[in-house]
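Asker:
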Amino acid sequence: MAFGGEPLDGYGSEPWLVEIFDHDDASPRDVDISLDANARLVKAGQVVAELEDGCCLVETFEGDAVNLPRNQLRTFTPAPGAKGGFDATWPSGQQHSSDFGEHVTRQLQHQSFCVIQVPTRPVDRSNALEAADSLNTWTRLLPEFEASYMGLKPEGKVQWMSTESESMQVEALRSCDAVMSELSLYLIPLSRALGYDAQDRSTGLLRLPCADRTEEDHLVHQISDYDVVDGRLIEEDIAFLQRRKLCMIYFVAGNGGTLRLVSLGTGSDMVDIPVVESRIVVFQPDVMDFCFAPHQGCLAIQAWILRESFLGEIELDSGYDKNFSRLDLPPAPEYGRTGEMVNCTAVNPNLPGDVHGGEALWSLLTLGGDGCTEIPMCRYDLDAYWSADTQPGKMYVRHQGLLSQEQMAHFDNEFFGLTAAEAINMDPPQRQTMEIGYECLFLGGWSQKTLNGAELTVSHGNGGNDWTSHHLNGGWDIALDSSSRLQASLHACSNRLQYIFGMRGPTFMVDTACSSSLTATAMAHSTLRPQEPEHAAGVCSTRRMLCALVIGSTGQFEPGFQISLCGAGMLSHAGRCFTFDQSADGFIRGEGICGMHWKVSTIDDPMRLAMLVGSSCNQDGRSASLTAPHGPSQQECIRQSLREAQIVPFDIQIQELHGTGTALGDPIEVGALRATMMMHKGITRDHPLVKTSSKSNIGHTESTAGITGIMKCVIMSCYAVGPANVHLRMLNPHIDATGYPVHFNSEIVDQGDPAGNYGVSSFGFSGCNARGDVWGRAIAGWRKTGELSFGRDRLFLRSAEADLSYFPCKEKTTIYEGLYGIGSPMKDPSLGFFISGTWNAWSRLEGMPFDTETGKFHFGVPVGDTHIESFRINCGGYADNDLFPACPRAGPSARILGPGKAPQGHEWVIDVRYRHEPIPEYYKVTLWWDVTENATRVSWEPASEQESALMATSAMYYTHRYFVVGSWTGGTPQEMSCLGGGCIYTTRVTIGMSGEEEFHIVRDKDKDQAIYPASVKTIRPMVPVRGPDGDRHEKGWLLQGRTGDKVNISLQVLLGDITLVVKDPRGMRSWRSSAERQSYFVLGSWSGWQCEPMQQVGSVHRFCVDLRGGRPVEFQILVDEDPKLALHPEMHRAGSGTSCMVGPDSRGGDMNWRIEPSEGHHIEIILDPAHIDPRQRIIWRPVNGIEKTKK
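The sequence shown begins at 1390 in the working numbering and counts up by one.
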């Protein structure tokens, strides 16, 4: 391979490249053929046809057809692509087309890349760039996948050009993608010359630099919500890496910057290709990587040509594009005509029952928890205000749904830059609004740094509380000053987060009593709605927002309002909300602070919790009284939200009700739902509507009730079940359920579908009604969709470092600093990384200490008796939340994926069995963020004597056990007895009726730590021992003898050396591990497909074959004679050095190398597994008879 070598000769008699001079006489006169500021050759082109009048029709590189006399043309020879020019020009006719594909292919064979000049008009380039600038659905790829698609040090924004994408609806961009398709048609038929059989091209990837750092930060934080990656995506990414054979990058518009092509392996050979519009660079990713660094305003399209899949490989469509819609998931509903949607990406409740976080709320609801308790002394002296016989001026209830002292009182004022004097003048719910609000933003992907200058809506539902009035009257024994009233005001509460973090965007403070926070959600939704052409601008905002934080808060500290409610008989005498129950006699008060983060998305996002499809709010007007509920207004509010959601009432499967447990309110609300949900266009609902209410669990949280209800809907959608209504024994007789398909559930009920719609209504004392409808698919529970496995906190833990264990104790606020998401610098030791491996049989996670001086995590891995250990790294201690390599049994150079569920065998391996130097007792594993490569790295090195001694003091020793797995055990591991101080293991077996028994050995019952011979059914003692690893397949030892013979099996494992001894009545045989890692065998047609060993010379393996029979021969190479560990080409009957070596695997089928008789009578096959060019790992050359004899 010549990397950036001299250009090849032209192809055919055409094209004739010419430079135009004396162009004033050119026709037509209005063609601009002058040089531009970047000295592009706009006055050059190719001759399309020679005309009879002595003129030539020239197609310029600016896309114009110009009729010019021959005396105004001179031959133009461009510089090669490696030196700033180009290697080929786009064909101008049918004859050129066939020659063009062959010429590009020869260039790829010669130097592994080719630069192609494409004639395009300036107006077309300008239109394409203008169209790209107007697109709204730009994004970033997941950090796991960026290097695979965007090259080294990826920057800018991207958009997949799938058929339904926004970009493919624009003609200017669609025509550019058509150029990539046409180029693919030229190259795919010739792919065998490059060593593979091409199948199709991939979907195009549109690339454009971000307008500024703010836009790039926004896109990075937007995609960082995907904290855990689906296993299917990882497998497809690995398959894509194996199947991509040509990468094509089309510089559509804009000049400036470079595309650097870097030779794989050495990294020292590189070519810098300038970014010049109207050029395409094609290169082979098998032998070179790339770094694309264009200047501002440079638009590019990137696509790949994929080879055919092998047997057992994951199929990739020709439209493979890494969009999350490829997951086999129920489709999301259409929301307007823009393709955008409003998704809930974080919930953060702080509620009675010691609820802090989404998982805690779900646990309370599903377990039938009751968060209402007797009013504690830290609020007030209950006995001083309570009377069992309802005396005037006394309360008859002893219970409320209250937050614990820690939940309400703890506050880190220093983090928010507040003095103690400022904080003490703020009411506790206001302080918690700041904590809960920031935590919710953090879980939604924001940090203190990125919030500065960010535009997002913040909407509060807050009806005030009695702490403030008592405080301003001197009741709390807190010194008042001139700022006390300001600090305690609602307008300060609604704007304090923006002031502290520098956020911009609209702010709302809503007080509609019980419907406050759901009304606040509807107000926030109005700023997020996709802007349909016929719609006016959003409420209170000239610009549409892309993110919103909604907070509901309430707190109860004084007995006065409680006593007045008792005087009106509105509270339950039994101290609970008996929602829907016949004993309903009023509600019980509750408090809480809850936050929800909403984000506008343009992709079908598998990491969202739910989608907000409709919201509305209205007022009763003049009804029976100011506080009396009004059924018709409630019905109209529900219908408005359903109309926006474009769903019919039957689509709602589970309904969360306001459900306060009052004798009047519950029947009216159920009646309003009956009027809207029972029938539609004369058809009666055929499946029952499940009705639930969280007030039976936590009481009526008043201004927080609405957000609690819609939050419950979001979480129900994640599990596709409805939690039970507690305290429900007999239905309220005033509720008319006759002929109404409805279910008031007293236990968890399955909704019967993995995806569905959920609604919540909230009705305020003041007559203000609010409604919200969400859609969601199950992402947990037994109806979960997709291969998603994210550990116990997957639903509500977006940020990698946001360990929920920090939240209940507010003085610990280390979570507020640092990073979040995948691919972010790992600077914060509080993140918590853990390691587990074969040295402890994967039995426990051990913490990786953080070195503050180096900014790296370290761990000492003990090299055990086998001198080979495997490991994975875990994030946060959660199940299926691992970092792991992209390939099985990887070394330190492998690309890192995760956190997520690791595919089988994807782990790092420290293998020192073949090390000639002294083996240290420990190896130091290091995990760090590589700033230069913008990637997570894992490495290991021998620990020094001092480090080993320190590691030994903290090591937790594990005693390994060995098990025999044989035909007599039925495949069940049977433990061997340990002798000789822990290095010798024995067992005894009796030969059965067949006279034969097979067996192998496993370490710690782990099938991926099998010890076995190098061949199947081994009897010969010379066969080396392999393992422990997962490549056993069907290999094992074979025992033969008479029925009833006793056979002793002994295994010795000592300092990496494994010896197996079998003693039977016929004598003793032994096998020992080899000094070689693997043995290679040629499986060729000349020997009837019998295995023949290769000879090892250093790191290279050789084999000579005699071809004097005059017929072509074919072959593969097997590892240890195992057909499931075959080395094969990507193309059937590949020649020497023409096709990449693949394997070892079992996917080769009939993919053989082919040697032709014309190549010589005596051929030497050479295997070099470590060669940097995968095409050169298996080659052959002719040798003479004397040389063959010497070998």
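Cβ coordinates follow ideal geometry from the N, Cα and C atoms, glycine included.
Quick test of your reading: I2041 and N2146, contact by CB under 8 Å. State the CB separation rounded to the nearest angstrom.
Answerer: Position 652 of the sequence shown, counted from the start, is the residue given in the question as residue 2041. Position 757 of the sequence shown, counted from the start, is the residue given in the question as residue 2146. With 8 Å as the limit, I2041 and N2146 qualify as a contact, their Cβ atoms being about 5 Å apart.
Asker: Should T2097 go down as buried or exposed, given a rule of 16 or more other Cβ atoms within 10 Å for buried?
Answerer: Within the sequence shown, residue 2097 is the residue found at index 708, counting from 1. Buried.
Asker: Using three-state DSSP, classify F1679 as helix, strand or coil.
Answerer: For the purposes of this step, residue 1679 is identified with residue 290 of the sequence shown, where counting begins at 1. Strand at F1679.
Asker: Contact between the region 1753-1771 and the region 1780-1792: three or more CB pairs below 8 Å?
Answerer: At 8 Å Cβ cutoff, the stretches touch.
Asker: Whole angstroms is fine: what's the gap from C1503's alpha carbon to L1583's?
Answerer: On the sequence shown, residue 1503 is found 114 positions in, with the first residue counted as 1. On the sequence shown, residue 1583 is found 194 positions in, with the first residue counted as 1. Those two C-alpha atoms are separated by around 13 Å.
Asker: Among T1910, R2261 and S1904, whose alpha-carbon lies nearest the alpha-carbon of E2091?
Answerer: Reading the sequence shown from its first residue, position 702 is the one you call residue 2091. Comparing Cα positions, the closest option is S1904.
Asker: Look at the Cβ atom of A2109, then the Cβ atom of R2172, and state whether they are nearer than 7 Å.
Answerer: The sequence position of residue 2109 within the sequence shown is 720, counting from 1. The sequence position of residue 2172 within the sequence shown is 783, counting from 1. Yes, the pair counts as a contact, with Cβ atoms nearer than the cut-off.
Asker: Drop a sphere of 10 angstroms on the beta-carbon of Y1888, count the other beta-carbons inside from all chains shown, and report buried for 16 or more, exposed for fewer.
Answerer: Walking along the sequence shown from the start, residue 1888 turns up at place 499. With fewer than 16 other Cβ atoms within 10 Å, it is exposed.
Asker: Who are the Cβ neighbours of V2508 in its own chain at under 6 Å, not counting the five residues just before and after it?
Answerer: Here residue 2508 refers to the residue found at position 1119 of the sequence shown. Result list for V2508: Q2467, L2514 and P2533, in chain order.
Asker: Name the DSSP beta bridge partners of V1731, please?
Answerer: For this step, residue 1731 is matched to residue 342 along the sequence shown. In the DSSP output, where bridge partners are listed per residue, V1731 has V1989.
Asker: Does the distance from the CB of A1477 to the CB of H1492 come in under 7 Å?
Answerer: By one-based count along the sequence shown, residue 1477 stands at place 88. By one-based count along the sequence shown, residue 1492 stands at place 103. Against a cut-off of 7 Å, the Cβ pair of H1492 and A1477 comes out as a contact.
Asker: Between the region 1874-1882 and the region 2061-2081, do at least 3 Cβ pairs fall closer than 8 Å?
Answerer: No, because fewer than three Cβ pairs between the region 1874-1882 and the region 2061-2081 fall closer than 8 Å, the two stretches do not touch.
Asker: Determine the direct distance from the alpha carbon of H2076 to that of I2043, and round the result to whole angstroms.
Answerer: For this step, residue 2043 is matched to residue 654 along the sequence shown. For this step, residue 2076 is matched to residue 687 along the sequence shown. So the two alpha carbons sit approximately 11 Å from each other.
Asker: Would you grab the beta carbon distance between I2378 and E2385 for me? Rounded to a whole angstrom, and I think it's under 8 Å.
Answerer: The residue you call residue 2378 lines up with position 989 of the sequence shown. The residue you call residue 2385 lines up with position 996 of the sequence shown. Checking the displayed sequence, the identity of residue 2378 turns out to be Val instead of Ile. Not really, about 12 Å apart at Cβ, beyond 8 Å.
Asker: Assuming G2430 contacts P2454 under a Cβ cut-off of 8 Å, what Cβ separation, rounded to an integer in Å, is found between them?
Answerer: Working through the sequence shown from its first residue, we reach residue 2430 at position 1041. Working through the sequence shown from its first residue, we reach residue 2454 at position 1065. Right, the Cβ-Cβ distance comes to about 7 Å (below 8 Å), so this counts as a contact.
Asker: Can F2601 and F1969 be called in contact, C-beta distance under 7 Å?
Answerer: In this structure the chain extends from 1390 to 2580, so residue 2601 is not present and cannot be described.
Asker: Cβ of G1452 within 7 Å of Cβ of R1510?
Answerer: As a working mapping, residue 1452 is identified with position 63 in the sequence shown. As a working mapping, residue 1510 is identified with position 121 in the sequence shown. Contact: yes.
Asker: Would you say the beta carbon of T1464 comes nearer than 6 Å to a heavy atom of the ligand SAM?
Answerer: Ligands are entirely absent from the displayed structure, and the ligand SAM is therefore not among its contents.
Asker: Distance check for V2079 and P2130, CA to CA, integer angstroms please.
Answerer: Indexing the sequence shown from 1 puts residue 2130 at position 741. Indexing the sequence shown from 1 puts residue 2079 at position 690. Those two C-alpha atoms are separated by around 9 Å.
Asker: Alpha carbon to alpha carbon, how far is E2548 from R2570?
Answerer: Within the sequence shown, residue 2548 is the residue found at index 1159, counting from 1. Within the sequence shown, residue 2570 is the residue found at index 1181, counting from 1. Those two C-alpha atoms are separated by around 8 Å.
Asker: Per DSSP, G1981 forms a beta bridge with which residues?
Answerer: Translated into the one-based positions of the sequence shown, residue 1981 becomes position 592. DSSP lists T1943 as partners of G1981.
Asker: Given a cut-off of 7 Å, decide if N2263 and L2234 are closer than it, judged by their beta-carbon atoms.
Answerer: Translated into positions along the sequence shown, residue 2234 becomes position 845. Translated into positions along the sequence shown, residue 2263 becomes position 874. Result yes, Cβ atoms of L2234 and N2263 sit closer than 7 Å.
Asker: Starting from A2399 and walking both ways along the beta strand (DSSP E), at which residues does that stretch end?
Answerer: To locate residue 2399, count along the sequence shown from 1; it is residue 1010. D2395 to P2402 is the extent of the beta strand (DSSP E) around A2399.
Asker: Leaving out five residues on either side along the sequence, give the residues of the same chain with a beta carbon under 6 Å from the beta carbon of S1667.
Answerer: Here residue 1667 corresponds to residue number 278 of the sequence shown, with the count starting at 1. For S1667, where only same-chain residues beyond five positions count, the Cβ hits under 6 Å are V1507 and T1509.
Asker: Any idea if T2432 is buried or exposed, counting beta-carbon neighbours within 10 angstroms, 16 or more meaning buried?
Answerer: Looking up residue 2432 in the sequence shown gives position 1043. Flag for T2432 reads exposed.
Asker: Would you be able to state if there are at least three C-beta pairs under 8 Å between the region 2487-2498 and the region 2385-2401?
Answerer: No, they do not touch.
Asker: How long is the line joining the alpha carbons of N1802 and L1935, rounded to whole angstroms?
Answerer: As a first step, residue 1802 must be located in the sequence shown, where it is residue number 413. As a first step, residue 1935 must be located in the sequence shown, where it is residue number 546. Approximately 29 Å, taken between the alpha carbons.
Asker: For V1651, which residues from the same chain have a beta carbon less than 8 Å from its beta carbon, with the 5 sequence-adjacent residues on both sides left out?
Answerer: Residue numbering aside, residue 1651 sits at position 262 when the sequence shown is read from its first letter. The residues are L1541, D1658, M1659, M1677, D1678, F1679 and C1680.
Asker: Just to confirm before moving on: does the CB-CB distance between M1557 and M1550 stay below 7 Å?
Answerer: As a position in the sequence shown, residue 1557 is number 168, starting the count at 1. As a position in the sequence shown, residue 1550 is number 161, starting the count at 1. Going by C-beta atoms, M1557 is nearer than 7 Å to M1550.
Asker: By the three-class DSSP mapping on this structure, what secondary structure does A1749 have?
Answerer: Position 360 of the sequence shown, counted from the first residue, corresponds to residue 1749. The answer is helix: DSSP assigns A1749 an H, G or I state.
Asker: Below 8 Å on the Cβ atoms is my guess for R2461 versus P2413; work out the distance and round it to an integer in Å.
Answerer: Residue mapping note: residue 2461 aligns to position 1072 of the sequence shown, counting from 1. Residue mapping note: residue 2413 aligns to position 1024 of the sequence shown, counting from 1. Yes, they are in contact, since the Cβ atoms of R2461 and P2413 sit about 7 Å apart, within 8 Å.
Asker: Note down the Cα distance separating G2371 from S1591, rounded to an integer number of angstroms.
Answerer: The residue given as residue 2371 occupies position 982 in the sequence shown. The residue given as residue 1591 occupies position 202 in the sequence shown. Approximately 56 Å, taken between the alpha carbons.
Asker: Once the 5 residues before and after Q2565 are set aside, which same chain residues still bring their CB inside 6 Å of it?
Answerer: Walking along the sequence shown from the start, residue 2565 turns up at place 1176. Result list for Q2565: G2526, in chain order.
Asker: CA-CA distance, H2422 and V2327?
Answerer: To locate residue 2422, count along the sequence shown from 1; it is residue 1033. To locate residue 2327, count along the sequence shown from 1; it is residue 938. Cα to Cα, the separation comes out at about 29 Å.
Asker: Check whether the Cβ atoms of A2605 and L1562 sit closer than 7 Å, and answer yes or no.
Answerer: Nothing about residue 2605 can be read from this structure; the chain reaches only from 1390 to 2580.
Asker: From what residue to what residue does the alpha helix (DSSP H) around T2358 run?
Answerer: The residue labelled residue 2358 in the question sits at position 969 within the sequence shown. No alpha helix (DSSP H) holds T2358; DSSP gives it neither H nor E.
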